[in-house]
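Q: So the sequence shown is numbered by full-length UniProt numbering: it starts at 1 and just counts up by one. I'd like to ask some things about the structure below.
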Amino acid sequence: MREFDALCPPPVREFSAADIKHLREGLKFSQPVFARHLHTTASTVRKWEQGETHPSGPALKLLNVIADKGLQAIL
């Protein structure tokens with residue numbers, strides 16, 4: 001069982017609307033530019049930042065990578 005646990009990826013942390021906005025502003029990106037880097041739309045980023053929806057799947061993973069390792073990790 002230990003071997004199995006070691007192979008499982010760590011859980012992906014959730015981001016609040018404020019966290020996403022803070023991350024984007026820290027990069028000095030507009031919503032459209034940030035959206036392009038995440039392969040999504042500016043409308044989706046706006047909805048995340050306003051708390052209307054929440055990122056999931058690949059977008060959430062990309063946010064985690066950017067927060068942990070910086071934008072260069074995904075370029």
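Idealized CB from N, CA, C, for every residue including glycine. Fair warning: this is a prediction, and the values are worked out from it, not measured in the lab.
1) Going by the beta-carbon positions, is the gap between L63 and L27 smaller than 8 Å?
2) Which of the three DSSP states is assigned to E52 in this structure?
3) So, under 8 Å CB-CB, D37 and L60 are touching, yes? Tell me the CB distance rounded to an integer number of Å.
4) Please determine, among P11, V33, P10 and L7, the residue with the shortest C-alpha to C-alpha distance to K21.
5) Given a threshold of 16 other Cβ atoms within 10 Å of its Cβ, counted over all protein chains shown, does A35 qualify as buried or as exposed?
6) Just to confirm before moving on: does the CB-CB distance between Q50 and A42 stay below 8 Å?
A: According to the structure data:
1) Position 63 of the sequence shown, counted from the first residue, corresponds to residue 63. Position 27 of the sequence shown, counted from the first residue, corresponds to residue 27. Not a contact, by the Cβ cut-off of 8 Å.
2) Numbered from 1 along the sequence shown, position 52 holds the residue referred to as residue 52. It is coil, neither helix nor strand.
3) Here the question's residue 37 lines up with position 37 in the sequence shown. Here the question's residue 60 lines up with position 60 in the sequence shown. Just to set this straight, residue 37 is His in the shown sequence, not Asp. Their Cβ separation, rounded to whole angstroms, is 14 Å, which puts H37 and L60 out of contact at 8 Å.
4) Along the sequence shown, one-based indexing puts residue 21 at 21. Of the listed residues, the one whose Cα sits closest to K21 is V33.
5) Position 35 of the sequence shown, counted from the first residue, corresponds to residue 35. That one is buried.
6) As a position in the sequence shown, residue 50 is number 50, starting the count at 1. As a position in the sequence shown, residue 42 is number 42, starting the count at 1. Contact flag unset, no.
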